[in-house]
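FYI, in the numbering used here the residues of the sequence shown are 91 to 298. Shown next, in structure tokens, is the structure this report addresses.
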Amino acid sequence: MNFIFLGPQASGKGTQAILLSKKLSTPHISTGDIFREAIKKGDELGKTLQSYIEAGNLVPDDLTNKTIEKRLRENDIKNGFILDGFPRTIDQAEFLDKIIQINKVIDIQISDKEAVHRISSRRSCACGKTYNLLYNPPKKENICDLCGAELFVRSDDKPESVKIRLETYHQKTKPLVDYYKEKNILITIDGERPIETIYEDIINKISK
Ligand code: AP5
91 MNFIFLGPQA SGKGTQAILL SKKLSTPHIS TGDIFREAIK KGDELGKTLQ SYIEAGNLVP
151 DDLTNKTIEK RLRENDIKNG FILDGFPRTI DQAEFLDKII QINKVIDIQI SDKEAVHRIS
211 SRRSCACGKT YNLLYNPPKK ENICDLCGAE LFVRSDDKPE SVKIRLETYH QKTKPLVDYY
271 KEKNILITID GERPIETIYE DIINKISK
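Right, here's the structure in full:
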């Protein structure tokens, strides 16, 4: 099965995608993580990506589409994959339709107020795992439970970038809800519940 996680910033796309990826043993593909890895290289491409992401803007569609097309050519996706953060525009969704079939789109919904609240207490790890100091803190202060690395605050989690990211979500990404509803593959999930409850709900709904 090929899945997409859709939803506003901090709705828990990454959190739930990692859990589902472990259960199904299929790769978790996050465009945000791919871009952050590219930024670490510090080359021209990395600098360009950084300028978009830190300001809270989307990376242009042509660059994002090429990135995902390259990733979906790899062998590990043969038994399915989980896309987290792609597509984010109608252009990207139409591009994806041309290269691969998607079986289910899991749309996790939270309010903007909750998104801002969660982002202010998020801590991230380079391995992809995220924590929340209020709801799911790491066992050891500022250290990742999974890989032992030091946690950090994402550079695009500053309030001015978060405001732009949420506005962009409503303008460019929210229309994808109707796009996938029309295709009859949309699953809607209430994201303002505990992580384990949401995970069980997702497992139940994708099994139907
Ligand atoms: P990306 O990394 O994808 O960021 P995002 O979409 O803004 O999503 P987040 O990572 O903020 O949230 P999430 O929904 O994954 O939530 P999480 O599980 O972390 O993209 C970053 C940037 O890259 C974009 O802004 C853009 O510039 C660029 N980009 C990426 N994809 C692109 C594309 N397709 N096109 C163009 N540009 C693109 O959880 C958030 C917090 O809440 C954590 O602290 C977590 O522990 C906590 N939490 C999770 N679930 C719960 C819960 N149920 N209750 C309480 N707390 C919870």
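We put the CB at the ideal spot given by N, CA and C, even for glycine.
- Within the chosen limit of 7 Å, the ligand AP5 reaches the beta carbon of F125 through at least one heavy atom.
- Fully contained in the segment 176-245 are the following beta strand (DSSP E) runs of length 3 or more, in chain order: 194-199, 212-214 and 220-222.
- By DSSP's assignment, N92 forms a beta bridge with F171.
- Placement of the Cβ of A100 at a distance of less than 7 Å from at least one heavy atom of the ligand AP5 is found.
- Within the chosen limit of 7 Å, the ligand AP5 does not reach the beta carbon of S141 with any heavy atom.
- In the structure shown, the three-state DSSP call for D133 is coil.
- S120 is classed as buried because its beta carbon has at least 16 other beta carbons within 10 Å across all chains shown.
- N193 sits away from I279, with the two beta carbons spaced by 8 Å or more.
- Less than 8 Å divides the Cβ of I233 from the Cβ of L241.
- Looking at the DSSP output, T278 bridges to D197.
- Taking the Cβ of S120 as the reference point, at least one heavy atom of the ligand AP5 falls within a distance shorter than 7 Å.
- Excluding its 5 nearest sequence neighbours in each direction, N155 has C-beta neighbours in its own chain below 7 Å: Q182 and F185, listed in chain order.
- Cβ-Cβ distances below 7 Å link T157 to T121 and I124 in the same chain, with the five nearest sequence neighbours on each side left out; the list follows chain order.
- Taking 8 Å as the upper bound for CB-CB distance, I196 and F95 are in contact here, some 5 Å apart.
- Residue state for S101 is assigned as coil, using DSSP reduced to three classes.
- For S120, the secondary structure class from DSSP, reduced to helix, strand or coil, is strand.
- For the 8 Å CB-CB criterion, A239 and P98 do not form a contact.
- Residue environment for G132: exposed (fewer than 16 other C-beta atoms within 10 angstroms of its C-beta).
- Taken atom to atom, the span from the alpha-carbon of H207 to that of S201 is near 10 Å.
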